[in-house]
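Novice: Numbering (our numbering), first residue to last: 45 to 115. Glycine included, C-beta positions come from ideal geometry on N, C-alpha and C.
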Amino acid sequence: MVRHPVTTPENWRKSSYSGPGDGNECVEIATTPTHTAVRDSKTPARATLAFPTPAFATFLDALKKRQPPCP
């Protein structure tokens, strides 16, 4: 994990995986050429996690391959 500020508000967008409407799973992401940042949209001034873009892409690929939990 790298601390990397993403300072321009127009870079932030709600993730398409945040759930319908405002929901309880509000995640926003922002991208730069070198990093992807993630924050909780309900508390945007709090901690932001920024990752090198290749590491974040690997993380997303792993999530897409994840099996749904057993009932």
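Under DSSP, the beta strand (DSSP E) around P96 begins and ends at which residues?
Specialist: Position 52 of the sequence shown, counted from the start, is the residue given in the question as residue 96. Residues 93-96.
Novice: Any idea what DSSP makes of T87, helix, strand or coil?
Specialist: What you label residue 87 is simply residue 43 of the sequence shown in a count that begins at 1. DSSP places T87 in coil when its eight states are reduced to three.
Novice: Can you tell which of R90, A94, S85, P88 has its C-alpha closest to the C-alpha of T75?
Specialist: Along the sequence shown, read from residue 1 onward, the residue named residue 75 stands at position 31. Minimum Cα distance to T75 is reached at A94.
Novice: Could you give the distance in angstroms between the alpha-carbon of R83 and the alpha-carbon of A99?
Specialist: Taking the first residue of the sequence shown as 1, we reach residue 83 at position 39. Taking the first residue of the sequence shown as 1, we reach residue 99 at position 55. About 17 Å.
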